[in-house]
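Protein chains in written order, with my numbering: chain X, 151 to 399; chain F, 521 to 873; chain G, 207 to 690. Reviewing the structure listed below.
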Amino acid sequence: MLDIKNLRVAVDGKEILKGLTLKVEAGRVHAIMGPNGSGKSTLSYVLAGRSGYDITEGSITYNGEDLAALAPEERAARGVFLAMQYPVEIPGVTTMMFLKSALNAQRRSRGELELDAITVLKRVRAKAAALNVSEEMLKRALNVGFSGGEKKRLEILQMALFEPSLAILDETDSGLDIDALRLVAEGVNSLRTPERAMLVITHYQRLLDYIVPDRIHVLAKGRIVAEGGKELALELEAKGYEQIVKDAA
Amino acid sequence: MSVALALPTRRVEEWKYSDLAHALGEAGFGDETARVTIGAPPAGIEIFALDEPNRPDWIAAHYGKLRGNPVSAISLAKARGGIALRVPKGRKIADALSLEFSGNGHARALLVLEEGAELTLLERVGPETRNSGLEIVIGPHARLDHVRISPAADAVQVEEISVKLARDATYHGHFANFGARLSRTELEIAVEGEGAEVELSGVSVLSGERHADVTTHVAHDAGHTRSTQLFKKVLGGRTRAVYQGRVTVAHGANGSDSRQSAKALLLGDRAEADLQPELEIFADDVKCAHGAAVGDLDADSLFYLRARGIPEQEARHLLIHAFLEDAVDGIADMTLRETVRGAVAAALVAVTA
Amino acid sequence: MSSAALETKDTVASLGEKYKYGFVTDIEMERAPKGLSEETVRYISAKKGEPDWMLEWRLGAFRRWLAMKEPKWARVHYPPIDYQDAYYYAAPKNTPKKQSLDEVDPKLLETYNKLGIPLSEQMALAGVAVDAVFDSVSVATTFKEKLNEAGVIFCPISEAIRDYPELVKKYLGTVVPVTDNFFATLNSAVFSDGTFVYVPKGVRCPMELSTYFRINASETGQFERTLIVADEGSYVSYLEGCTAPKRDENQLHAAVVELVALDDAEIKYSTVQNWYPGDENGLGGIYNFVTKRGDCRGDRSKISWTQVETGSAITWKYPSCILRGDDSIGEFYSIAIANNFQQADTGTKMIHLGRNTRSRIISKGISAGKAQNTYRGLVSVYGKAENARNFTQCDSLLIGAECGAHTVPYIESRNPSARIEHEATTSKIAEDQLFYCLQRGLGQEEAVALIVNGFCKEVLQQLPMEFAVEAQKLVGISLEGSVG
């Protein structure tokens, strides 16, 4: 589904990703772990198409298509979803109105019929309860005044609503207490299907107790330095990044 | 009374961003009297034409008596006629009253709300070159909701609105402005009674080469008074938006509370925004704050919307509307609020085209 | 209690006199005849032994000045100044300047000692080189040799005109043109001394440089001129201090400061302005009309102004940055305290001309007594200043019901990619904070000093260490008598 080959990415002229290769198949959950500054967030942004991240070499192929050639909204319509580490606050746009606009924009782009407000509301409500997203939150401006946990829950709600084929979770565990983490993880796990791939980016092993990955990749200094099964996370926890990076060298 | 009839140039500090003398040229505003008309008046409002003889006392008591700027003094000196309106004591008018300034020249109007009276006023202006002056007297416990819509025009338009508030009076004013060759809306608000409250908001949506200057002065002359101001500007093309907002708190006006915010979105390559929020405080027990910001759309918000599948153009529209929303949201009358929203949406099409 | 509060408390307690620099040094003076004319200008130029080009420059300025009008837009009110009723040049008789400090009139050395500015070589320990300007002349410059080794020129401007005419000609009047404004033009005609600094390419100035201005003579104006040039890749930090005796008359101080930063250069300019502010009835005090401007002429250059303004009866001062070079940075950090009958109208201008230019303004105004304190600032972004950024925070604190605090920012943007943010607040000193301090045993004045120091912290942090402590004390002293 996703095929990243020898990817080099620079931000403001400084190379962050230095030849990253990664393959993700449908139905699989891959975790990317790595220390701060290893390039984890850069990888998520470059996949979603944020400007300012220049691909200097390599390729990203998604379902046979050159992903890098697409605008962010085109990627979203093709099923690429990025749950952001810091969801943006947008005053003046209510959450419900945003959800409807985004859902219909994606549908329009895929040539599907747009949904009316009532249908969207029904769908949102159906997903909201499980994630403990209240009616009141949906009426408020997007992410404005939301707590860290509320923002992350709303990200997962969007993931449930948009039904992406590739979900990238960027440090979804950051800033969450244990109850919120469990709630978010349950939401994510309920979305695991044979058709959907996930890329879980995290600094800590903690999240992977709840979202158990099929494969773990360790990112350091812009490259994948170690790979393994879910047991690699425990090894990392025990030894620390420094040792793993050294062992790999 | 003698009046200095010279029009200000940009060398006059208060007019430095709006060179009125230059915009009008030799002819100035001329000597004509422009029209002031009202729509079907709701029952309970007294109406008096200012060109008629034997003005009643309530007009004599207030007409030409409120604080005004030198340009407003010219309209006072030159306008023959105009209209005076009064909402008597305790009268609460449910339907909005519409008032329109049209035609070339000078125009004057006076609106008096007696104690406990309530009114919603929709003010419209025609596209001609005009110097108008509107005086508003709000009695104790009275309330006026005022919405002014000035459509885009190619003329030179100056209007000064002078408002005087008595004890516990309320004035909410919204000013939707779409610019002219030179447009200046000036608010001179004297908060003279304790417990009075002023809420000003406005949007300027400008395209082409239009100009819109909103200048406000809220004078907290009495203590325990409150004022808020929220003005948003969206500028396309080669337009220019000006906001000069002065808040003064007089000596002894303790317990005054004032917030002021002016923000401009610069979308046109050659657009210019000039913001000058100003605080002048002569009392110590006060809470005053102002903020001003100029910039482009927030790149993070734009990316967030696009990453969720909303195409760039649509995302930009959404963010521009969102930017203006809180300034429109405060209009109490739902019909008028929707009218302003409609006008804003139509104007935005020209800005983002 | 924090050490700053203790310091403040101690200083406030130990001071009998409210303005401790109000003494007069009894020393024989030489003056120009009273009044202002071409003759006065020629007299000053001759006294300085200036070359003809400098005299012509002054005369040109004087002729322009005659046709100019005193600016009236600031929020300061004072009776008309009679420019003919003052001396424009006054110097201690024992000049010319001595080669060694041992030869300097002991009375002068004592004066500076009393001011807390020892001119002795001990200052080496503090790592500060000092140029001391007494009325119209520089009386001592320390550490010239050490600076010479690094190639740094640090000398009175009168010396620079003689010894480095090419450098002076190249830069003088290029930041503040002769005709810039009424007071700057007056200064250009009659400036008597001041400091010249040149830091050569790639040199990081090995010590803090400092000029200490002292007005001593009565009925005399001080018109100093400072020019600092930081050549490519250089760095210099410069401190300026000012005091004057207590007098019932008002004395005029009209200085001009020009800074030039070339590619990758940085200038940090700090001022503690403590001119005599007048007494509690508003009698006397310095009229301070100053033009300070920095030109970030080179790419990636940086100019940072920090000022603590506690003195003067009237302050009219707007240290500014012209951000001409791409990626250049301008900063303005200010504390302005006005007590009794003081009037301050001060702020900055940030002129964004180059791409990616950035500016930051932090202003803290404190009004007490019957004082009027105005922040006036301009942020202007020109059409070519792509991605320019400004952030301004401007806070005013009111102590007492008789004073005024005013905030007048001008924001002009002509580039869609620029981003400007301005925030301002005005409030009185918080009752709950005051009560908290009192409850914990602090006196009224100590509590106010403590809270005000906290309010000013962001700016105080910008000052070099030696100045920061002084400034903190000054904050407490300046507000004495403002509560109770």
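Where is the CB? At the ideal position from N, CA and C, for every residue including glycine.
Are there three or more Cβ pairs, one per stretch, closer than 8 Å when the stretch 760 to 769 of chain F is compared with the stretch 591 to 604 of chain G? no
Would aspartate 320/X be called buried (16 or more neighbouring beta carbons within 10 Å of its own) or exposed? buried
Out of curiosity, what's the CA-to-CA distance linking isoleucine 635/G and alanine 607/G? 11 Å
In three-state DSSP terms, what is isoleucine 535/G? strand
Taking CB distances under 9 Å as the criterion, tell me whether alanine 611/G reaches chain F. yes
Grab me the residues of alanine 569/F's own chain with a C-beta within less than 7 Å of its C-beta, minus the 5 sequence neighbours each way, in chain order. Gly601, Ile603
Skipping 5 residues on each side, what residues in its chain have a beta carbon closer than 7 Å to that of glutamine 235/X? Ser191, Asp320, Glu321, Ser324
Output, in chain order, the set of chain F residues within a Cβ distance shorter than 9 Å of arginine 625/G. Ala813, Val814, Gly815, Asp816
Who are the Cβ neighbours of isoleucine 681/F in its own chain at under 6 Å, not counting the five residues just before and after it? Leu654, Leu707
So what does DSSP say about alanine 604/F, is it helix, strand or coil? strand
Can you list, in chain order, the residues of its chain whose CB lies under 8 Å from that of glutamate 165/X, leaving out five sequence neighbours each side? Arg158, Val159, Thr206, Gly372
Opposite cysteine 808/F in the DSSP bridges: which residues? Ser778/F, Thr632/G
CB alanine 627/F to CB threonine 553/F, shorter than 9 Å? yes
Closest Cβ-Cβ distance between glutamate 800/F and chain G: below 9 Å? yes
Excluding the 5 residues preceding and the 5 following lysine 277/X in the sequence, name in chain order all residues of the same chain whose CB lies nearer than 7 Å to its CB. Leu307, Ala310, Leu311
Can you confirm whether serine 201/X, when its beta carbon is compared against all beta carbons of chain F, has any partner nearer than 9 Å? yes
What does the alpha-carbon distance come out to for the pair aspartate 577/F and leucine 540/F? 35 Å
So, with DSSP's three-state summary, where would you put methionine 854/F? helix
For serine 605/F versus isoleucine 558/F, is the C-beta distance shorter than 9 Å? A quick correction: the sequence has leucine, not serine, at residue 605/F. Yes.
For the alpha helix (DSSP H) that contains glutamate 832/F, what are its first and last residues? 832 to 849
Going along the chain, which unbroken runs of the beta strand (DSSP E) with 3 or more residues stay wholly within the stretch 469 to 530 of chain G? 472 to 479, 491 to 502, 508 to 515, 520 to 523, 526 to 529
Throw me the rounded Cβ distance for the tyrosine 249/G and tyrosine 293/G pair, which I believe falls under 8 Å. Between tyrosine 293/G and tyrosine 249/G the Cβ distance is about 11 Å, and since that is not below 8 Å, they are no contact.
Segments of 4+ residues assigned as alpha helix (DSSP H) that fall wholly inside the stretch 629 to 687 of chain G: 637 to 645, 650 to 661, 663 to 666, 671 to 684
Comparing the C-beta of valine 864/F with each C-beta of chain G, is any distance below 9 Å? no
Okay, do the stretch 512 to 520 of chain G and the stretch 537 to 557 of chain G touch, 3+ Cβ pairs below 8 Å being the bar? yes
Once you ignore the five residues that flank methionine 246/X on each side, which residues in its own chain have a CB closer than 6 Å to its CB? Leu288
Using the C-alpha atoms, what's the distance from phenylalanine 388/G back to lysine 275/G? 6 Å
Measuring CA to CA, which of Pro406/G, Ala461/G, Cys411/G is closest to glutamate 430/G? Ala461/G
Identify whether glutamate 717/F lies in helix, strand or coil by the three-state DSSP scheme. strand
Given a threshold of 16 other Cβ atoms within 10 Å of its Cβ, counted over all protein chains shown, does methionine 329/G qualify as buried or as exposed? With a pLDDT of 49 at methionine 329/G, under the threshold of 50, the modelled position of that residue is not reliable, and the figure given next carries that caveat. That one is buried.
Judging by CA-CA distance, which residue of Leu465/G, Ile492/G, Leu433/G is the nearest neighbour of lysine 452/G? Ile492/G
Taking only heavy atoms of the ligand NAD into account, decide whether any of them is closer than 8 Å to the Cβ of leucine 559/G. As presented, the structure is devoid of all ligands, the ligand NAD included, so that no description of it is given.
Closest Cα partner of serine 201/X within the set Arg228/X, Lys173/X, Glu224/X, Val161/X: Val161/X
Taking contact to mean 3 or more Cβ pairs, one atom from each stretch, closer than 8 Å, check whether the stretch 364 to 379 of chain G and the stretch 236 to 250 of chain G are in contact. no
In chain F, what lies closer than 8 Å to alanine 252/X by C-beta? Leu825, Arg828, Gly829, Ile830
Taking the C-alpha atoms as reference points, what is the distance between tyrosine 391/X and methionine 183/X? 9 Å
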